[in-house]
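Report on the structure given below.
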Amino acid sequence: MRQNEQRLAWSKAGPALGEYDYYLRGLSLYLRFSVPDVLRARAVWQEGLERFPASALLRIKLAWSHLYLVMNGASTDPRDDIARAWRFAREVAAADSLSPIATWALHWLMAFLLQWHDSDFVHSVAEARAAVALVPYDALSRNDLSWILANAGLGEEAVAWARAGLEHDPNGPAWFRSNLAWALYIAGRYQEALDTLGEDGKDFVGMLAATYVRLGRVDQARALVAAHLKAGGKDTVAQEAVYPLAEPHRTAYLDALRVAGLPER
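Take the sequence shown: its letters are residues 6 to 270, numbered as in the working numbering.
Have a look at this one:
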């Protein structure tokens with residue numbers, strides 16, 4: 006249904022485009038999950054906002070276009086991108102009334118922004134639960150928001166959410182499985198986390214190395230990190246420390262990376 010709506014949105018001529026058409030056009034690009042496509046999606050949503058300046062939905066998606074760059078290490082100015090995303094979100098929150106889809110999308114966005122902007126895990130989790138309560142069977146949001154629960158230290162609940170996303174969309178993005186692995190790691194289920202990462206593990210060197218350390222396989226963790234760095238990897242403990250994570254998990258995770266030999270900076 007979503008794909009059909011997106012095709013219809015792209016089939017329309019410029020003057021016939023409505024607010025929701027701009028939303029769908031940008032979404033079809035954003036869901037490719039690459040930096041160039043996210044920037045193309047931003048341009049679509051920005052054009053839509055110029056035509057529909059009161060649009061809450063387009064503001065929410067523009068906020069995501071900034072946050073995506075930060076979360077994927079592609080922002081040239083993370084503080085500015087987070088600040089821009091926050092401003093868009095506050096503008097939406099100040100609106101007199103929101104459509105059901107905008108309400109849901111705002112809860113989803115705020116779950117992430119409250120962690121990135123304020124390290125506020127309590128209210129972030131509340132926003133995540135509000136989003137899931139509104140649309141409980143959406144695989145993308147349920148799995149995505151499992152990351153929020155895991156960061157807040159709610160490992161077992163995060164595992165359940167990540168698995169629910171996979172069950173409803175087993176052919177979803179690769180990060181569906183990495184989110185499950187992260188939830189399992191936070192829950193202390195390290196062997197399951199390792200089994201879940203599988204062949205994709207080398208795309209998540211930090212998580213894989215920390216998992217090896219927790220399993221007592223320090224030599225393997227150090228070999229993994231050494232090979233990654235030799236191949237040109239630029240990961241550091243400082244970069245990993247940027248991601249929101251509640252204590253005591255944050256300190257334990259960063260210490261595991263140090264044991265694995267990841268450079269401090």
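For glycine and all other residues, C-beta sits at the position ideal for the given N, C-alpha and C.
Cβ distance (whole Å) where residue i is taken to contact residue j below 8 Å
{"i": "Ala99", "j": "Ala116", "result": "Not a contact, Cβ separation roughly 19 Å."}
{"i": "Ile65", "j": "Leu32", "result": "Going by Cβ atoms, the distance from Ile65 to Leu32 rounds to 11 Å, so no, they are not a contact pair."}
{"i": "Ala214", "j": "Leu262", "result": "6 Å"}
{"i": "Val164", "j": "Val223", "result": "Incorrect: roughly 25 Å between the Cβ atoms, too far for contact."}
{"i": "Leu145", "j": "Trp109", "result": "That belief does not hold up - the Cβ atoms of Leu145 and Trp109 are roughly 12 Å apart, past 8 Å."}
{"i": "Tyr27", "j": "Trp50", "result": "6 Å"}
{"i": "Glu162", "j": "Leu154", "result": "5 Å"}
{"i": "Leu34", "j": "Asp42", "result": "5 Å"}
Backbone secondary structure at residue i - three-state DSSP
{"i": "Asp101", "result": "coil"}
{"i": "Met76", "result": "helix"}
{"i": "Val247", "result": "coil"}
{"i": "Glu162", "result": "helix"}
{"i": "Lys66", "result": "helix"}
{"i": "Arg147", "result": "helix"}
{"i": "Arg270", "result": "coil"}
{"i": "Met6", "result": "coil"}
{"i": "Asn184", "result": "helix"}
{"i": "Ser124", "result": "coil"}
{"i": "Leu171", "result": "helix"}
{"i": "Arg84", "result": "helix"}
{"i": "Ala59", "result": "coil"}
{"i": "Thr241", "result": "coil"}
{"i": "Leu202", "result": "helix"}
{"i": "Gly53", "result": "helix"}
{"i": "Ser39", "result": "coil"}
{"i": "Asn176", "result": "coil"}
{"i": "Ala157", "result": "coil"}
{"i": "Gly211", "result": "helix"}
{"i": "Lys92", "result": "Residue identity check: residue 92 is Arg in the sequence provided, not Lys. DSSP places Arg92 in helix when its eight states are reduced to three."}
{"i": "Ala192", "result": "coil"}
Pair within 8 Å by beta-carbon distance, residue i and residue j
{"i": "Gly160", "j": "Ala198", "result": "no"}
{"i": "Leu171", "j": "Ala107", "result": "no"}
{"i": "Leu67", "j": "Ile87", "result": "no"}
{"i": "Ala46", "j": "Ser80", "result": "no"}
{"i": "Gly203", "j": "Val230", "result": "no"}
{"i": "Tyr195", "j": "His173", "result": "no"}
{"i": "Trp166", "j": "Arg147", "result": "yes"}
{"i": "Val218", "j": "Ala228", "result": "no"}
{"i": "Ser129", "j": "Leu114", "result": "no"}
{"i": "Val242", "j": "Glu269", "result": "yes"}
{"i": "Asn77", "j": "Phe126", "result": "no"}
{"i": "His233", "j": "Gly158", "result": "no"}
{"i": "Pro178", "j": "Phe93", "result": "no"}
{"i": "Leu74", "j": "Val97", "result": "no"}
Continuous alpha helix (DSSP H) stretch holding residue i: start and end
{"i": "Val140", "result": "Per DSSP, Val140 belongs to no alpha helix (DSSP H) and is neither H nor E."}
{"i": "Lys235", "result": "Val223 to Lys235"}
{"i": "Ser33", "result": "Glu24 to Tyr35"}
{"i": "Leu262", "result": "His254 to Val264"}
{"i": "Leu220", "result": "No alpha helix (DSSP H) contains Leu220, which DSSP labels as neither H nor E."}
Cutoff 8 Å: residue i Cβ touching any chain B Cβ
{"i": "Ala236", "result": "Here chain B cannot be found, since the structure has a single protein chain."}
Q. Quick check: the stretch 177-191 against the stretch 207-216, are there 3 or more CB pairs under 8 Å?
A. Segments in contact, yes.
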